[in-house]
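*Asks:* Be aware that the sequence shown starts at 130, since it is given in my numbering, and climbs by one per residue.
Note that CB positions come from ideal geometry on N, CA and C, so glycine has one too.
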Amino acid sequence: MSLTDADVRKVARLARLAMSETEIETARAQLSGIFDLIAEMQAVDTKGIAPMSHAQDVSQRLREDVATEANQRELFQSIAPQVEAGLYLVPQVIE
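1) For Leu216, name the three-state secondary structure that DSSP assigns.
2) Would you check if the distance between the CB atom of Leu166 and the CB atom of Val137 is smaller than 8 Å?
3) Tell me the start and end of each unbroken alpha helix (DSSP H) in the stretch 144 to 224 that is at least 4 residues and wholly inside, in chain order.
4) Would a C-beta distance cut-off of 8 Å place Ile153 and Asp134 closer than the cut-off?
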């Protein structure tokens with residue numbers, strides 16, 4: 130896909146970018162190259178290829194979801210300024 134200078138000016142205006150004529154020409158060439166690369170990649174036949182979530186076949190090492198610390202809730206709430214029904218009471222900050 131080939132862009133024109135008018136296309137680049139329109140995109141620059143929408144993005145609120147002030148661009149000189151030299152910058153417009155440079156951006157046009159770079160954007161045209163990007164669009165050409167996208168078109169080339171879309172032309173590749175990918176039928177029969179399963180989608181991948183990652184380029185390498187990796188898996189995360191998972192551990193059992195078990196509590197490793199003792200429950201100290203009562204201890205922590207015993208030193209809290211205000212507690213009610215097992216919840217910490219805090220001052221209201223938003224009216």
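*Replies:* Considering the structure as presented:
1) strand
2) no
3) 150 to 171 and 202 to 207
4) yes
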